[in-house]
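In what follows, a structure is listed as C-alpha cells, so that the remarks can point back to it.
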Amino acid sequence: MGDESDIIDQVDLSIQSRQLYTFLEKNLNKREFEIIKLRYGLYGCTPLTQREVAQKLNISRSYVSRIEKRILGVLKDLYEKNPYSY
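For reference, each letter of the sequence shown is one residue, going 127 to 212 in our numbering.
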C-alpha cells in the first residue's frame, strides 16, 4: 500500500509542478520569469543567490530583490484570487 501511495504522491507533485510552470509563464514577463527560474532552480537550473542572478543578468542585487519580492506578491495575489486559472 505504501508504494501505491508514493506513486500517487509523485504523480500529484508532477502535475502541480507543471501547473506552476504554466502559471509562471502566463503571468510573468521574460525578465521576471528568468529571475524566478534562476532564483528557485526551475527547469533543472541550479538555484542562484540574488547576487549571482544580478551578475548573470547584469543588474544590481537590490533590483533582483525588488523584482523578486514584487513577483512573489503578485503571484500570491493571483493564485489566491483564482487558484485554478493557470
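For every residue, glycine included, the Cβ atom is placed at its ideal position computed from N, Cα and C.
Spatial neighbours of Q176 in its own chain (CB-CB distance under 8 Å, excluding positions within 5 residues in sequence) are listed in chain order as R165, R187, V190, S191 and E194. With a 10 Å radius around the Cβ and a threshold of 16 neighbouring Cβ atoms, I133 comes out exposed. Judged by DSSP in its simplified three-state form, S191 adopts helix. The criterion of a C-beta distance shorter than 8 Å is satisfied by N153 and L204. Closest in C-alpha terms to R196, from the list F159, P173 and Q145, comes F159.
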